[in-house]
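Protein chains in written order, with my numbering: chain A, 8 to 553; chain B, 6 to 191. Take a look at the structure set out below.
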Amino acid sequence: MRILHHHMQVKLKIMNRNHNQLEEGILSKFDGGLKLVGHKQVSTGSAISSITPGKHYVIPLQQHIGAISQVLVKSGDRVLKGQMIAKRGDLISAAIHAPVSGVVTDIKQHAVPHVSGLSDECIFIENDFKDEWIERNPLGDDYNHTASPNLRKIIRDAGIVGLGGATFPASVKQTEINLKTLILNGAECEPYISCDDILMRERAAEIISGADIIGHIIKARRCIIAIEDNKPEAIKAIQAVIDEDGTGFFRIQAIPTIYPSGGEKQLIKIITGKEVPMNRFPAEIDVLCHNVATAYAIHRAIYFAEPLISRITTITGQGIKQPQNIEVLIGTPMQACIEHCGGYTEDSDELIMGGPMMGFTLKSDDLPIVKATNCLLVTTKEKEMPEQHHMPCIRCGKCVDVCPVRLLPQQLYWYASSKNTDRLLEHNLFDCIECGCCAYVCPSDIPLVQYYRAAKTTFIQQERERKASDIARQRHEAHQFRLEKQKKERAERLRKKREMLKNKSNDKEADKKDSKQAAIADAVARAQAKKAERLKENKAADQDIK
Amino acid sequence: MFIVIITLAIIASLFGLLLAYSAIRFKVEGDPVVNQIDSLLPQTQCGQCTYAGCRPYAEAMAKGEADINQCPPGGEATIIALADLLDVEVKPLNAEHGEVKTLPTIVRIDEETCIGCTLCIQACPIDAILGAAKLMHTVIESECTGCDLCIAPCPVDCIHIFEVKPTTRNWTAELPDADFASPHAG
Numbered sequence: 008m009r010i011l012h013h014h015m016q017v018k019l020k021i022m023n024r025n026h027n028q029l030e031e032g033i034l035s036k037f038d039g040g041l042k043l044v045g046h047k048q049v050s051t052g053s054a055i056s057s058i059t060p061g062k063h064y065v066i067p068l069q070q071h072i073g074a075i076s077q078v079l080v081k082s083g084d085r086v087l088k089g090q091m092i093a094k095r096g097d098l099i100s101a102a103i104h105a106p107v108s109g110v111v112t113d114i115k116q117h118a119v120p121h122v123s124g125l126s127d128e129c130i131f132i133e134n135d136f137k138d139e140w141i142e143r144n145p146l147g148d149d150y151n152h153t154a155s156p157n158l159r160k161i162i163r164d165a166g167i168v169g170l171g172g173a174t175f176p177a178s179v180k181q182t183e184i185n186l187k188t189l190i191l192n193g194a195e196c197e198p199y200i201s202c203d204d205i206l207m208r209e210r211a212a213e214i215i216s217g218a219d220i221i222g223h224i225i226k227a228r229r230c231i232i233a234i235e236d237n238k239p240e241a242i243k244a245i246q247a248v249i250d251e252d253g254t255g256f257f258r259i260q261a262i263p264t265i266y267p268s269g270g271e272k273q274l275i276k277i278i279t280g281k282e283v284p285m286n287r288f289p290a291e292i293d294v295l296c297h298n299v300a301t302a303y304a305i306h307r308a309i310y311f312a313e314p315l316i317s318r319i320t321t322i323t324g325q326g327i328k329q330p331q332n333i334e335v336l337i338g339t340p341m342q343a344c345i346e347h348c349g350g351y352t353e354d355s356d357e358l359i360m361g362g363p364m365m366g367f368t369l370k371s372d373d374l375p376i377v378k379a380t381n382c383l384l385v386t387t388k389e390k391e392m393p394e395q396h397h398m399p400c401i402r403c404g405k406c407v408d409v410c411p412v413r414l415l416p417q418q419l420y421w422y423a424s425s426k427n428t429d430r431l432l433e434h435n436l437f438d439c440i441e442c443g444c445c446a447y448v449c450p451s452d453i454p455l456v457q458y459y460r461a462a463k464t465t466f467i468q469q470e471r472e473r474k475a476s477d478i479a480r481q482r483h484e485a486h487q488f489r490l491e492k493q494k495k496e497r498a499e500r501l502r503k504k505r506e507m508l509k510n511k512s513n514d515k516e517a518d519k520k521d522s523k524q525a526a527i528a529d530a531v532a533r534a535q536a537k538k539a540e541r542l543k544e545n546k547a548a549d550q551d552i553k
Numbered sequence: 006m007f008i009v010i011i012t013l014a015i016i017a018s019l020f021g022l023l024l025a026y027s028a029i030r031f032k033v034e035g036d037p038v039v040n041q042i043d044s045l046l047p048q049t050q051c052g053q054c055t056y057a058g059c060r061p062y063a064e065a066m067a068k069g070e071a072d073i074n075q076c077p078p079g080g081e082a083t084i085i086a087l088a089d090l091l092d093v094e095v096k097p098l099n100a101e102h103g104e105v106k107t108l109p110t111i112v113r114i115d116e117e118t119c120i121g122c123t124l125c126i127q128a129c130p131i132d133a134i135l136g137a138a139k140l141m142h143t144v145i146e147s148e149c150t151g152c153d154l155c156i157a158p159c160p161v162d163c164i165h166i167f168e169v170k171p172t173t174r175n176w177t178a179e180l181p182d183a184d185f186a187s188p189h190a191g
């Protein structure tokens with residue numbers, strides 16, 4: 008009894024603590040993580056600049072997590088700016104819109120910015136420079152009187168996806184309502200990237216408006232805007248808007264600058280002190296988390312009926328002449344963006360999409376900007392990327408200390424290299440967020456994330472193959488069953504036919520006789536009838552003569 | 006003494022009844038080992054293992070008549086899984102049975118040349134070819150396992166093999182090269 012009582016006390020204490028934490032702004036922290044040099048000021052020196060529209064746009068059909076979008080236009084069609092050119096392919100998918108007015112010149116494979124470096128289906132649009140928008144009927148302030156499903160539909164049809172990098176369809180996240188807390192993610196923890204920072208500085212009112220719309224959809228009780236404390240200007244700008252609002256719904260929360268505090272689950276842990284359970288969504292613990300740029304896009308969709316056809320992208324790195332943030336239309340070629348920023352420096356080396364921790368190297372810049380392109384980073388030779396030699400693991404355990412998910416990176420590395428799927432799953436491979444902390448601290452320069460990525464994709468592919476082979480087995484069994492059935496049926500038919508033939512041959516003799524006799528009887532009857540008639544005629548003739 | 010014998014006899018008969026009951030109640034249909042092996046095979050029914058299909062090969066393996074390295078479509082992954090299940094040593098694929106394809110393949114029918122003879126339809130082990138006599142045939146590509154059994158019977162050679170290129174949706178990353186020949190590893 009005493010133990011139970013104690014247990015209750017502890018539980019209450021924890022509950023209280025969590026409650027207080029949200030109200031008073033006490034912060035928790037996640038395990039591991041790294042303090043990294045930000046390099047943010049490289050690209051925050053100037054305001055957001057818009058890039059002059061070009062002639063050619065390439066829009067990939069897969070720019071989000073989920074099913075590929077389905078094309079709604081064909082080659083030769085004229086499209087207007089903001090027109091939906093591909094609809095969502097499934098429940099988890101996103102619509103895609105024309106970034107400019109013009110003509111669809113082609114729909115074919117083109118290289119896309121993806122880790123694999125592969126090509127994918129893309130819609131090619133040639134700009135006619137008329138900037139002709141499709142008819143728009145913005146909802147504006149009326150959203151306050153609009154039901155959540157209708158608002159979600161607007162967001163869905165605007166093709167809005169999570170702009171923090173994961174590109175998960177935003178409206179799908181908002182299906183759970185009555186969640187207490189809305190967290191707006193303005194952490195932006197990865198070095199070099201500053202697109203959210205600059206967006207918060209310059210368009211704070213629009214972000215808060217977007218947050219209010221989301222809050223209205225999910226009927227949230229409070230909205231916490233989490234920003235890393237290395238962005239004082241963004242914090243000031245957002246605070247000014249919140250002070251003006253005065254409803255007490257919004258609260259700003261500066262968080263310590265530790266990579267990867269911008270990861271959804273990590274940020275939720277910092278703010279609420281609670282952990283999102285494995286394989287579950289934050290809704291489970293009464294939280295919804297959206298990126299600030301997503302909130303901004305939602306504001307544009309509700310107030311201007313503008314679909315997601317542009318985004319802010321950071322073009323940065325020592326390999327770029329004038330690093331800055333640009334507002335760019337989805338589908339713009341990357342070369343155009345780099346030219347807009349003064350082009351490459353002479354000692355430029357690699358082009359990376361994303362940041363130095365989670366980004367991936369691109370083979371060329373002949374690729375379109377997609378919804379996920381938050382940053383293009385150009386490195387220089389030697390300085391940032393020293394030649395790396397992959398050496399044997401010395402079991403130092405540094406990777407374990409920095410893993411923010413509390414996994415065992417070392418074990419995962421051994422099992423990934425020996426392709427031991429069972430053990431990888433036991434060590435929760437799929438909880439790895441690929442933040443790259445382990446590889447960053449590894450003294451042997453082991454590209455650990457590449458091992459995990461290989462193991463993950465291989466496992467997913469194996470599962471897919473297993474499903475396919477299960478279907479093939481079913482089809483084969485059905486095929487065998489059908490053959491067997493046909494064989495039986497044929498045998499049965501043959502047996503029946505034989506029986507019938509046998510019966511017929513017995514009956515035939517009798518039948519023959521009968522029919523002959525009948526014919527004879529018939530003929531006799533006919534002859535007699537004729538005879539009788541003739542007799543009658545004769546008699547009549549006789550009488551006439553008389 | 007007598008009581009002891011009777012007690013033991015009663016206990017023995019009770020257990021006997023229990024065993025008899027469980028033998029009926031918990032009877033397993035078919036051979037579970039064969040099912041387990043069969044579930045690891047790729048189900049192409051291609052016959053490269055010299056057996057009539059995946060299930061006959063699984064049955065032969067369960068009896069110990071066939072080796073675990075006779076399935077080219079399954080490749081290394083299948084051999085490892087089989088070795089794991091049957092608790093035997095992993096061995097390389099027996100080259101007599103064919104080579105592992107670098108990319109998965111499917112077949113397509115050249116519809117101009119097809120004369121509608123239905124021979125390929127009869128050869129397909131999973132009914133993935135659609136058509137009727139004297140009408141053009143076509144392969145249901147999403148179901149085709151690439152067993153190539155339809156190619157030999159075709160009298161006009163109008164069935165061709167195509168590689169399925171990976172897309173961004175089914176791509177698999179490769180393990181990095183462990184380059185230990187670095188200056189430090191000497």
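The beta-carbon is built from N, C-alpha and C at its ideal position, and this holds for glycine as well. Source: prediction; values computed, not measured.
By the criterion of a C-beta distance shorter than 8 angstroms, Ala-137 of chain B is surrounded in its chain by Gly-121, Thr-123, once the five residues flanking it on both sides are discounted. With contacts defined as CB atoms closer than 9 angstroms, Ala-101 of chain A and Ile-167 of chain A qualify as a contacting pair. Per DSSP, Thr-150 of chain B has no beta-bridge partner at all. Of the other Cβ atoms in all chains shown, fewer than 16 fall within 10 Å of the Cβ of Asn-151 of chain A; this residue is therefore exposed. Arg-113 of chain B carries a strand assignment under DSSP once its states are collapsed to helix, strand and coil.
Rounded to the nearest angstrom, the Cβ distance from Ile-141 of chain A to Gly-89 of chain A is 5 angstroms, consistent with a contact under 8 angstroms. For Thr-153 of chain A, the closest alpha carbon among the candidates A:Met-207, A:Lys-226, A:Phe-136 is that of A:Lys-226. With a contact defined as Cβ atoms closer than 8 angstroms, Cys-149 of chain B and Ile-111 of chain B qualify at about 4 angstroms. Where Glu-271 of chain A is concerned, there is no enclosing beta strand (DSSP E), although the alpha helix (DSSP H) around it starts and stops at 271 to 279. With contacts defined as CB atoms closer than 9 angstroms, Ile-232 of chain A and Ile-221 of chain A fail to qualify as a contacting pair.
The continuous alpha helix (DSSP H) containing Ala-28 of chain B extends over residues 7 to 30.
Listed along the chain, the chain B residues whose CB falls inside 9 angstroms of the CB of His-121 of chain A are Thr-173, Trp-176. Asp-204 of chain A sits buried, since 16 or more C-beta atoms from the chains shown fall within 10 Å of its C-beta. Take the alpha-carbon of Asn-192 of chain A and the one of Gly-96 of chain A: they are about 28 angstroms apart.
Only residues of its own chain outside the window of five on either side were considered, and among them Pro-198, Tyr-266 have a CB closer than 6 angstroms to the CB of Leu-43 of chain A, listed in chain order.
The DSSP-derived three-state label of Gln-50 of chain B is coil. Contact annotation: Cys-403 of chain A and Tyr-420 of chain A have beta-carbon atoms that are not nearer than 9 angstroms. DSSP places Asp-162 of chain B in the coil class of the three-state scheme, outside both helix and strand.
In the pairwise beta carbon analysis, the region 76 to 85 of chain A is classified as not touching the region 294 to 310 of chain A: fewer than three pairs are separated by under 8 angstroms. Looking from the CA of Asn-99 of chain B, the closest CA among B:Asp-182, B:Glu-116, B:Gly-79, B:Pro-158 belongs to B:Gly-79. Residues of chain B whose Cβ lies closer than 9 angstroms to the Cβ of Pro-454 of chain A are, in chain order, Pro-181. Taking 9 angstroms as the CB threshold, Asp-438 of chain A stays off the interface with chain B.
By the Cβ-count criterion, Ala-485 of chain A is exposed, with fewer than 16 other Cβ atoms from all chains shown falling within 10 Å of its own Cβ. Sequence-ordered contacts of the region 344 to 368 of chain A with chain B are nonexistent [C-beta pairs closer than 7 angstroms]. Distance between Lys-543 of chain A and Lys-537 of chain A, taken at the CA atoms: about 10 angstroms. DSSP, read as helix, strand or coil, puts Asn-192 of chain A in strand.
Any Cβ of chain B closer than 9 angstroms to the Cβ of Ser-371 of chain A would place that residue at the interface, and such an atom is absent. Per DSSP, the continuous alpha helix (DSSP H) segment holding Cys-445 of chain A begins and ends at 444 to 448. For the region 367 to 453 of chain A, the continuous alpha helix (DSSP H) assignments of 4+ residues that do not extend past its boundaries occur at 405 to 409, 416 to 424, 428 to 433, 444 to 448, in sequence order. Straight-line measurement puts the Cα of Glu-470 of chain A at about 11 angstroms from the Cα of Asp-477 of chain A. With the criterion set as a beta carbon lying under 8 angstroms from some beta carbon of chain A, the members of the region 75 to 96 of chain B are Ala-82, Ile-85, in sequence order. Between Met-365 of chain A and Gly-269 of chain A, the beta carbon gap of about 10 angstroms keeps them out of contact (Cβ cut-off 8 angstroms).
Asp-92 of chain B carries a coil assignment under DSSP once its states are collapsed to helix, strand and coil. Contact between the region 414 to 432 of chain A and the region 246 to 263 of chain A is absent: fewer than 3 CB-CB pairs across the two stretches fall below 8 angstroms.
Assignment of beta-bridge partners to Arg-85 of chain A by DSSP yields A:Val-110. Interface annotation, Thr-380 of chain A: not in contact with chain B, CB-CB separation never under 9 angstroms.
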